[in-house]
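I have placed the structure first, in the form of structure tokens, so that the comments after it can refer back to it.
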Amino acid sequence: MNTVTLTLKKVPELYLECEQVTPDTFAGKTLDQIAGITGYHGKEMPTMGEYFTITGESGATAAETKIVVNGDCTKIKYLGAKMTAGEMVINSACDMYTGAWMKGGKLTVNGDVHSFCGLAMAGGEFIINGNAGNYLGAAYRGDWRGMSGGVLRVKGNAGSDVATFMTGGEMIIGGDVDIHLGTHMEGGKIILKGDANRRIGGQLVKGEIYVFGTINVMLPGYKPVGEVELEVDGTKAKFVDYIGDLGERHPKRKGETVYGHLYMKK
Amino acid sequence: MSEYIIRNGHVFDPVQGIKGDKKDIAVNDGKIVDKVGSGAKVIDAKDKTVMAGALEVHAHVAGPKVNAGRWYRPEDKHFDSHKKPGMTRIEGGKSIPTVFKTGYEYARLGFTFAMEAAMPPLYARHVHEEIHDTPIIDEAALPVFGNNWFILEYLKNQEIENTAAYIAWVLRQTKGYGVKCVNPGGTEAWAWGLNCLTIHDPVPYFDITPAEIITGLIKANEFLGLPHSMHLHQNDLGNPGNYKTTIDSLKLAENIKATNNFGREQVLHSTHIQFHSYKGTNWGDFESGAKEVMDYVNKQKNLTIDTGNVTLDETTTMTADGPFEHHLHGLNHLKWFNVDVELETAAGIVPFIYDPNNAVFASQWAVGLEIALYAKDPMRCFITTDHPNAGPFTRYPRVYSWLMSKKVRDERLNSFKKADKVISATTLQEIDREITLYELAAMTRAGPAKCLGLSKDYGGLKVGMNADIAIYNINPDKFPSDGPSIEKAFANVAYLFKDGKICVEEGKVVDMGHKQTFWVDAKVKENKQVMHDVREKFLRYYSVNEANYPVPESYAPHQHIISVDASGVR
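Chain order of the listed sequences is R and D.
For the first sequence, this note's numbering gives the first residue as 6, with consecutive numbering after it.
For the second sequence, this note's numbering gives the first residue as 10, with consecutive numbering after it.
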């Protein structure tokens, strides 16, 4: 695997949208060609070369290309968005839409991310070694297709409206979340190691939410149906199994209604 | 204004019976003329196809429900929003494009006129604001009447003259073009949680049937002698077995003769008939009823139809058929928007994905094509996608490719995941017909122009008609054989003339033209009863004052008024 290293030369005055910084666009390109790739800065379209020192070499395909981004990326959006293969490591905090619509490969952020990251993620591995903002792994505004595949792991806390309209894949949050976790969820798995605020699994149709900590206020649409012994993300423990959201429609399979499950660690 | 001479193109014009002959078309001062001076600018149309500008007979392109679709579907714009080089603005949206994109795209496809298919009278101002902002193409809008309390009350007592007087009043207040009727009685019944699924289901409280509403509106339309006929979206849209209700509704027009000074021959236009041509009792035993419906339509000379072709895209359904949208939401569970428009109508919106892997959607696709291919008279069958309900209008080139090439449509048919099911549920595979360029010109130009009562100026290339001309990069002697090439040729005109000005050149918009808003001013005898009823209903029920109801002229500054005089009719 070949590595291209981008080092930020100057922090953008507005926000720099780096939708093109992915192994997919970098693959097979020379450093000069990569430096010529454009992004949006307001209504202007500067080149990557204007903002980054670019070294290393890209691979022939996305899968053989690794991108390392250094410098303060707090004003950079869309890093790794829509990537399908290869690897990216961002050694900084970064702004919105990081890893949005990601389909494959591995994306690691060694810092915090802002909102709308991992939006509608469909595959691959996205690791955030910091905190995440709101709408992590959710659906785009108005859309009903949230995270559908892959693994999204946050070391710290995440904000509100995380995993809205999730339909598949797995999300692991090391810390706490605010309100509205897994709203409208219709598949997939969320593992929350810390505490949650209110309205967890509202209008959830299908899927599983595991909570290791506490929920500030439980929704009335969840009903305890028993206790189960489970191994969740490497931890064996006893959980109380709640079914829900009872206020929402649920599909039937072989005559049996399929409910969503909320597991609370005892 | 500048003069042009379009030389050596293959001209297709059903108005004059020209079938691809090489002919020069001269343009002066916005009109097609006999000849022009030697200073005229020459447009070389050698190896190209020349047709009149196309007319859209039924699309939802302006007004409150279109805009509600835009704001509640930001995701429709997210992946499809771009700025093309040149004078155009940002073009956003796929199934519910911005007004700017609507104008540009219609022009690029060779269209010069579009009919907004459903205008709620109370929100007519919004419709006209959007029409005014849509560049290049001329437009008009049809106010909806099929669930209007005035109409239900008058027609209950078979008061055709009062119905006509009320329609004339609404057309003037709303700057409307004609009479649209959506799910007659059903939308009103839905206020009671009910629907009218046959033409004999009574409307609660008003105690009238859809059959009485349809017949009454046809008669009132002919009483006034409007340029367009009654325009009907029938009961029981989109349900298996509905083809019987469709034929029952069409039969109501039997023995009614068209009365007008516009050369229109039909008394009933039945829209997006694909959605109304289903056999079977449920989605499992669903079959096409296109043959039965078209056998009837072909026999009846006083009917016109449009297809409503499913394009197999993700789109946004929107209609004044409120109960249907609620039903659709129950099927796909996607977000549902609904509004009730006081005494007049209602509307609903639900996003919809016509997934080609689903046998039902693929069959709907086939039914739409069957309708067009079974049509014996292309002057009475028009191609639409009921934009955006069956698909965005920007997919017309693809629909044309399916209709014009058996190879292209069979490739699509056979590559469906459930092809066997689609083939057995429909008759599409047995149809060999390929629509010719001449027939296409009838289905998209001359036919719709005649149906809308605009055949004096639109739909043909005869001397004296509007110089609305579309020139395509298609050599009829070497007609492309593969789908993508056909699509490409129809998607971007080589030239589009609107009123004698070049507005599009090789797919690039170069002029915004001078668009006009058409509406019909119908004069009737003074009718004290109707004016009294209007006053009373505004005082008792409407949320607005009567004086705030009309659309001021400032909302349609470039209006083209068509006058009809029914004051002497008895």
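The C-beta atom is built at its ideal place from N, Cα and C for all residues, glycine as well.
Computed from a predicted model, the values in this text were never measured in an experiment.
Exercise for review: Report the residues of the segment 332 to 347 of chain D with a CB closer than 9 Å to any CB of chain R, ordered along the chain.
Suggested key: Across the segment 332 to 347 of chain D, CB contacts with chain R closer than 9 Å involve H342, L343, K344, in sequence order along the chain.
Check your understanding: Within 10 angstroms of its Cβ, does A65/R collect 16 or more other Cβ (buried), or is it exposed?
Key -> Here A65/R is exposed: its Cβ has fewer than 16 other Cβ atoms, across all protein chains shown, within 10 Å.
Practice item. Starting from the C-beta of F5/R, find all residues in its chain whose C-beta is less than 7 Å away, skip the five residues before and the five after it, and write them out in chain order. Key: Because chain R here runs from 6 to 271, residue 5/R falls outside it and cannot be looked at.
Practice item. Put P406/D into one of helix, strand or coil per three-state DSSP. Key: Note: P406/D maps to helix in three-state DSSP.
**Study point:** Beta carbon proximity, W149/R to chain D, threshold 7 Å
**Key:** Chain D contact via Cβ: present.
Practice item. Answer with buried or exposed for Q167/D, where buried requires no fewer than 16 other C-beta atoms within 10 angstroms of its C-beta. Key: Q167/D comes out exposed.
Practice item. Assuming D330/D contacts T196/D (C-beta within less than 8 Å), just tell me the rounded distance between them. Key: Going by Cβ atoms, the distance from D330/D to T196/D rounds to 6 Å, so yes, they are a contact pair.
Check your understanding: Buried or exposed: F88/D, going by 16 or more other Cβ atoms within 10 Å of its Cβ?
Key -> Exposed: under 16 other Cβ atoms inside 10 Å.
Practice item. Name, going along the chain, the residues of the segment 79 to 108 of chain D whose beta-carbon falls closer than 7 Å to a beta-carbon of chain R. Key: Listed by position along the chain: Y81, R82, P83, E84, H87.
Review point. Are the segment 101 to 112 of chain D and the segment 488 to 503 of chain D touching by the rule of at least three beta carbon pairs closer than 8 Å?
Key: Taking 8 Å as the limit for Cβ pairs, the verdict is that the segment 488 to 503 of chain D does not touch the segment 101 to 112 of chain D.
Check your understanding: Do you know whose CA, among N318/D, D304/D, I227/D, G46/D, lies nearest Y252/D's CA?
Key -> Among N318/D, D304/D, I227/D, G46/D, the Cα nearest to that of Y252/D is on D304/D.
Review point. What is the DSSP secondary structure of F488/D, reduced to helix, strand or coil?
Key: If DSSP states are grouped into helix, strand and coil, F488/D belongs with coil.
Check your understanding: Within 7 Å (strictly less), CB to CB, does R258/R reach chain D?
Key -> Judged by the 7 Å Cβ criterion, R258/R is not in contact with chain D.
Review point. For Q38/R, is the classification buried or exposed, using 16 other Cβ atoms within 10 angstroms of its Cβ as the cut-off for buried?
Key: Q38/R comes out exposed.
Check your understanding: For the segment 129 to 146 of chain R, which residues have a CB atom closer than 7 Å to at least one CB atom of chain D, in sequence order?
Key -> Y145, R146: these are the residues of the segment 129 to 146 of chain R whose beta carbon lies less than 7 Å from some beta carbon of chain D, given in chain order.
Check your understanding: Taking contact to mean at least 3 C-beta pairs separated by less than 8 Å, is the segment 56 to 76 of chain R in contact with the segment 84 to 98 of chain R?
Key -> Yes, since at least three Cβ pairs between the segment 56 to 76 of chain R and the segment 84 to 98 of chain R fall closer than 8 Å, the two stretches touch.
**Study point:** Own chain residues within Cβ distance below 6 Å of M93/R, not counting five before or after
**Key:** Answer for M93/R: I72, G85, L112, listed in chain order.
Practice item. Note the first and the last residue of the continuous alpha helix (DSSP H) segment covering C460/D. Key: Per DSSP, C460/D belongs to the alpha helix (DSSP H) from 456 to 460.
Practice item. Can you pull the chain D residues whose beta carbon is under 9 Å from the beta carbon of R254/R, in chain order? Key: Close to R254/R, with beta-carbon spacing below 9 Å, are these residues of chain D in chain order: H342.
**Study point:** Any 3 or more C-beta pairs closer than 8 Å across the segment 331 to 341 of chain D and the segment 369 to 376 of chain D
**Key:** Counting Cβ pairs under 8 Å, fewer than three are found: no touch.
Point to revise | K60/D in three-state terms, based on DSSP | key: A small fix is needed here, since residue 60/D is Met in this sequence, not Lys. Reduced to three states, the DSSP call for M60/D is strand.
Check your understanding: Counting Cβ pairs, one atom from each stretch, are 3 or more of them under 8 Å apart for the segment 89 to 96 of chain D and the segment 151 to 165 of chain D?
Key -> In the pairwise beta carbon analysis, the segment 89 to 96 of chain D is classified as not touching the segment 151 to 165 of chain D: fewer than three pairs are separated by under 8 Å.
Practice item. Check whether the Cβ atoms of Q283/D and G194/D lie closer than 7 Å to each other. Key: Judged by their CB atoms, Q283/D and G194/D are not nearer to each other than the 7 Å cut-off.
Practice item. Could you name the residues that DSSP lists as bridge partners for K537/D? Key: In DSSP, K537/D forms no bridge with anything.
Practice item. Kindly indicate which three-state DSSP category L151/D falls into: helix, strand or coil? Key: Three-state result, L151/D: strand.
Exercise for review: Confirm, please, whether the CB-CB distance from T52/R to G41/R is below 7 Å.
Suggested key: Yes. Within cutoff.
Exercise for review: Ignore the nearest five residues each way along the sequence and tell me which others in E581/D's own chain have a CB closer than 7 Å to its CB.
Suggested key: Absent from the structure is residue 581/D, since the part of chain D shown begins at 10 and ends at 579.
Check your understanding: Excluding sequence positions up to five away, which residues of its chain have a Cβ less than 8 Å from the Cβ of V560/D?
Key -> Contacts found: A133, R134, H137, Q182, T183, K184.
Point to revise | Nearest-angstrom Cα separation, counted from D38/D out to R407/D | key: Approximately 34 Å between the Cα atoms of the pair.
Check your understanding: L422/D by DSSP, collapsed to three states: which one?
Key -> Taken through DSSP and simplified to helix, strand or coil, L422/D comes out as helix.
Practice item. Could you tell me whether the segment 202 to 222 of chain D touches the segment 240 to 254 of chain D, using the rule of 3 or more Cβ pairs below 8 Å? Key: Judged by Cβ distances under 8 Å, the segment 202 to 222 of chain D makes contact with the segment 240 to 254 of chain D, as three or more pairs qualify.
Check your understanding: Whose CA, out of R79/D, N171/D, K50/D, K74/D, lies closest to the CA of K537/D?
Key -> Of the residues R79/D, N171/D, K50/D, K74/D, the one whose Cα lies closest to the Cα of K537/D is N171/D.
Practice item. Take D216/D as the anchor and find which of I160/D, P83/D, S572/D, T268/D has the nearest alpha-carbon. Key: Considering only alpha carbons, the answer is I160/D.
Point to revise | V578/D beta carbon less than 7 Å from that of G492/D | key: Result no, Cβ atoms of G492/D and V578/D do not sit closer than 7 Å.
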